[in-house]
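Q: For the sequence shown, the positions run 4 to 69 when the numbering used here is used.
The beta-carbon is built from N, C-alpha and C at its ideal position, and this holds for glycine as well.
Small disclaimer: the values here were computed from a predicted structure and weren't measured.
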Amino acid sequence: IVEAMGGNIGVNSDGGHGSTFWFGITLSRSTKSEIERQSARPAAYPKVSPRHILLVEDNEINQKVA
């Protein structure tokens, strides 16, 4: 998705200490009229069936946040 938007994506890894994943994209600013038009429109979310996600986290603080 990032590359399709003309951006870049990468990872910095420090063996045994974790990794940092990053991305960069250039976006244009919206005009006030675009923001007002989008805010007035109700969000349309597709109906999806419930899903289960397994999240594995070894850091105790991150376990509480997740």
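1) Give a yes or no on whether the minimum CB-CB distance between residue 13 and chain D is below 7 angstroms.
2) Express the C-alpha separation of residue 39 and residue 46 in angstroms, rounding to a whole number.
3) Can you give the beta carbon distance from residue 11 to residue 27, rounded, assuming they're within the 8 angstroms contact cut?
4) Below 8 angstroms on the Cβ atoms is my contact criterion, and I expect residue 60 with residue 69 to pass it. Report the Cβ-Cβ distance as a whole number of Å.
5) Measure the CB-CB distance between residue 25 and residue 9 and report whether it falls below 7 angstroms.
A: According to the data block:
1) This model lacks chain D altogether; it includes just one protein chain.
2) 13 angstroms
3) 5 angstroms
4) 6 angstroms
5) no
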